[in-house]
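Taking it in order: structure first as structure tokens, then the write-up.
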């Protein structure tokens with residue numbers, strides 16, 4: 001595994017963003033039957049190539065959502081009350097009403113090592129990130145539209161999926177169909193040729 005150059009990654013991600021997002025939109029609308037299996041296979045491939053500790057861009061540029069359980073677990077780990085933890089480290093979003101970090105990079109990221117200082121008590125969002133091979137991938141793949149800009153693993157995941165599904169969705173073969181009722185005022189139905 002090689003070290004990730006975040007400047008090079010940001011340029012590459014910006015260049016491919018539109019194409020990747022179009023591909024993700026297609027997967028959302030018309031997922032192939034084997035999408036979950038492909039995601040699991042691709043996820044394994046990604047983690048053979050990428051080591052998050054050479055990057056930590058998610059911790060530097062994004063924030064997790066802290067659930068009440070996350071807050072309690074992290075506060076306990078730091079020997080604080082949940083109220084003190086929220087007051088010191090978090091802010092409640094006005095629109096979504098989610099608890100998120102007050103700042104980026106994350107206050108719990110050790111910038112010298114790219115490691116989390118509360119790893120054992122980190123939020124569920126962090127533990128599952130970047131959520132590549134979630135069950136029912138089509139229901140969760142929309143999140144990758146944002147993450148491809150921050151996460152080299154997500155970028156690589158979509159790049160590999162796109163390569164594996166080259167040409168998907170396949171246009172239906174209409175050669176076995178004929179139009180009947182030509183000249184009618186109503187729409188002509190298309191029926192299979194017997």
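Residue numbers (UniProt numbering): 1 to 194.
From the three backbone atoms N, C-alpha and C, an ideal C-beta is built for every residue, glycine too.
Under 8 Å between C-beta atoms of residue 198 and residue 9: Because the chain here runs from 1 to 194, residue 198 falls outside it and cannot be looked at.
Residue 124: CB within 7 Å of a non-hydrogen atom of the ligand FAD: This structure lacks the ligand FAD, and indeed carries no ligand of any kind.
Beta-carbon contacts of residue 53 that lie in its chain and below 7 Å, excluding the five residues immediately before and after: Looking up residue 53 in the chain shown gives position 53. If we look at residue 53 and ignore the five residues flanking it on each side, its Cβ neighbours are 114, 115.
Environment of residue 1 [buried if 16+ CB atoms lie within 10 Å]: Taking the first residue of the chain shown as position 1, residue 1 is located at position 1. It is exposed - the Cβ of residue 1 has fewer than 16 other Cβ atoms within 10 Å.
Residue 18: first and last residue of the uninterrupted alpha helix (DSSP H) it sits in: For the purposes of this step, residue 18 is taken as the residue at position 18 of the chain shown. That run of the alpha helix (DSSP H) goes 6-29.
DSSP bridge partner residues for residue 101 (one or two, in chain order): The count along the chain shown starts at 1 and reaches residue 101 at position 101. Beta-bridge pairing links residue 101 to 90.
8 Å Cβ cutoff met for residue 50 and residue 153: Looking up residue 50 in the chain shown gives position 50. Looking up residue 153 in the chain shown gives position 153. Yes, they are a contact pair.
As assigned by DSSP and simplified to three states, the class of residue 54: For this step, residue 54 is matched to residue 54 along the chain shown. The answer is helix: DSSP assigns residue 54 an H, G or I state.
Proximity winner among 139, 93, 86, relative to residue 35 (alpha-carbon distances): Sequence index remark: in the chain shown, residue 35 carries index 35 (1-based). Closest option to residue 35, judged by alpha-carbon separation, among 139, 93, 86: 139.
Cβ contact check for the segment 72-91 and the segment 159-166: 3 or more pairs under 8 Å: With the rule of 3 Cβ pairs closer than 8 Å, the segment 72-91 does not count as touching the segment 159-166.
CB contact flag (residue 151, residue 130, <8 Å): Within the chain shown, residue 151 is the residue found at index 151, counting from 1. Within the chain shown, residue 130 is the residue found at index 130, counting from 1. Remark: C-beta atoms of residue 151 and residue 130 approach each other more closely than 8 Å.
Member of 13, 28, 16, 15 whose CA lies at the smallest distance from the CA of residue 142: Your numbering for residue 142 matches position 142 in the chain shown. Looking at the Cα atoms, 28 is the closest of the given residues.
Rounded C-alpha distance that separates residue 25 from residue 37: Translated into the one-based positions of the chain shown, residue 25 becomes position 25. Translated into the one-based positions of the chain shown, residue 37 becomes position 37. Between residue 25 and residue 37, the C-alpha separation is close to 19 Å.
Contact check, residue 61 vs residue 104, beta carbons under 8 Å: Numbered from 1 along the chain shown, position 61 holds the residue referred to as residue 61. Numbered from 1 along the chain shown, position 104 holds the residue referred to as residue 104. For residue 61 and residue 104, yes; Cβs fall inside 8 Å.
CB of residue 91 within 8 Å of CB of residue 73, strictly: Indexing the chain shown from 1 puts residue 91 at position 91. Indexing the chain shown from 1 puts residue 73 at position 73. Pairing residue 91 with residue 73 gives a Cβ-Cβ distance that is not under 8 Å.
Local conformation of residue 67 per DSSP, three classes: For the purposes of this step, residue 67 is identified with residue 67 of the chain shown, where counting begins at 1. In this structure, residue 67 counts as coil in the three-state DSSP scheme.
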